[in-house]
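**Q** Before I ask anything, here is the structure I am working with.
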Amino acid sequence: MKTIVLTGASDGVGAAAARQLAELGHRVVVVGRSPERTAAVAAEIDAPCHLADFAVLGQVRRLAAELREAYPRIDVLANNAGGIMARRELTADGHEKTFQVNHLAPFLLTTELLPVLTASDATVIQTSSRAARVFAKFDIDDLQNANRYRPQTAYGNAKLANILFTRELQRRSGDAGISAVSFHPGIVGTSFAADTTHFMRWVYHGPLKRLLTITPEKAAEDLVWLATGTPGESFEPGEYYESRELPAKINPDSVNPVLADQLWERSAALGA
């Protein structure tokens, strides 16, 4: 039995993965933003739960402290929380919201938990997206997406950051026992993009939704595959997967080691 901390677990892919992992006999720690939905999922699978809004870094630090105190061993940290924002807005911490919620907050959570994770030889999973290749126009000097903001570009940049973070986490902590991996869950029929006017809302919520999306339960299967798999056998640590395969087409920036190192250093400074 593994202890699996799963963020973004109050809805969609996260909730579906929580149910599947619990059915397999694992101890799932449900993390979400909504008190009502998070508690409901936790009660359904008889699991503990914790609350944090990733748009507030103080709540992320509190969450990390709670997790360190409650779980001396964490076998898997699945950074699954995220979203696309309709317009550019800054969080209370002064960061562009897409960047903070999708990358900076999970970066902070992971690094705050790193002593526990390394001691546990943990797998750290990032829910990324094919948007990293399709939409990203990554500029290390514009992490806050201040120049010509577009929702899909900001989202793609954040998902690319997830992949870069995975690679750099593996480089820095792989020898200490960490196995980091990122993946694309598919185009999933959830509440994702519901608050944006971008065309992605039409894809996820329009009349062709059933043809263009997969169910959260189906998408969760890949997260479960990584969470229950054996690093080096089921998947290669440090890599990014689509449909359980290494994709033939990638964004060249996603394998740039200099960029990965720069992103880590700047993220660490911004989250301090």
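Everything in the sequence shown is counted per the working numbering, starting at 1 for the first residue and increasing by one. Backbone N, C-alpha and C fix where the C-beta goes; we use that ideal spot for every residue, glycine too.
(1) Does the beta-carbon of L90 have 16 or more other beta-carbons within 10 angstroms, so that it is buried, or is it exposed?
(2) Span of the beta strand (DSSP E) holding Y71?
(3) Going by other Cβ atoms of all chains shown within 10 Å of its Cβ, with 16 needed for buried, is Q230 buried or exposed?
(4) Determine which residues share a DSSP beta bridge with V181 and list them.
(5) If the criterion is Cβ atoms closer than 8 angstroms, does the pair V181 and T166 meet it?
(6) So if DSSP puts V188 in a beta bridge, which residue, or which two residues, is it bridged to?
(7) Would you kindly report the start and end of the unbroken beta strand (DSSP E) that includes E233?
(8) Apply the 10 Å Cβ neighbour rule to R244 and answer buried if 16 or more other Cβ atoms are within range, or exposed otherwise.
(9) For P151 and T127, I'd like the C-alpha separation in whole angstroms.
(10) For F135 and R148, I'd like the C-alpha separation in whole angstroms.
(11) Does the beta-carbon distance from V30 to A16 come in below 8 angstroms?
(12) Under 6 angstroms Cβ to Cβ from G186, same chain only, skipping five residues before and after it: list those, please.
(13) Out of K97, L223 and V13, point me to the one whose CA is closest to V56's CA.
(14) Assuming H103 and A158 are in contact, meaning their beta carbons sit under 8 angstroms apart, how far apart are those beta carbons, in whole angstroms?
(15) Measuring alpha carbon to alpha carbon, tell me which of E69, N145 and L24 ends up nearest M85.
(16) Report the rounded CA-to-CA distance for E168 versus V258, giving the unit in angstroms.
(17) Measure from the alpha carbon of P35 to the alpha carbon of each residue in E69, V28 and C49, then state which is nearest.
(18) What does the alpha-carbon distance come out to for the pair T118 and P72?
(19) In terms of alpha-carbon separation, which member of P115, S129, E69 and N79 lies closest to G174?
(20) If the criterion is Cβ atoms closer than 8 angstroms, does the pair A132 and P106 meet it?
(21) Quick one: grab the DSSP three-state call for T3.
(22) Using 10 angstroms around the beta-carbon of D253, count the other beta-carbons present and answer buried if the total reaches 16, otherwise exposed.
(23) Where does A78 sit, in a helix, a strand or coil, going by DSSP?
(24) Using the DSSP secondary-structure output, state which residues sit across from E96 in a beta bridge.
(25) Nearest-angstrom Cα distance between F99 and M1?
(26) Report the residue from R87, V255 and A268 whose alpha carbon sits nearest the alpha carbon of F138.
(27) Determine the burial state of L113: buried for a count of at least 16 other Cβ atoms within 10 Å of its Cβ, exposed for fewer.
**A** The short version:
(1) exposed
(2) Counting along the chain, Y71 falls outside any beta strand (DSSP E), and DSSP gives it neither H nor E.
(3) The sequence given here places Thr at residue 230; Gln does not occur at that position. By the 10 Å Cβ count, T230 comes out exposed.
(4) According to DSSP, V181 bridges with I125.
(5) yes
(6) For V188, which the question treats as bridged, DSSP gives the partners I214.
(7) Unbroken run through E233: none, as it is neither H nor E.
(8) exposed
(9) 18 angstroms
(10) Each residue's alpha carbon lies about 14 angstroms from the other.
(11) no
(12) These residues qualify, in order along the chain: I214 and A219.
(13) K97
(14) 5 angstroms
(15) Taking only the C-alpha atoms, the option nearest M85 is N145.
(16) 10 angstroms
(17) C49
(18) 11 angstroms
(19) P115
(20) no
(21) strand
(22) buried
(23) strand
(24) L90
(25) Rounded to the nearest angstrom, the two C-alpha atoms are 34 angstroms apart.
(26) V255
(27) buried
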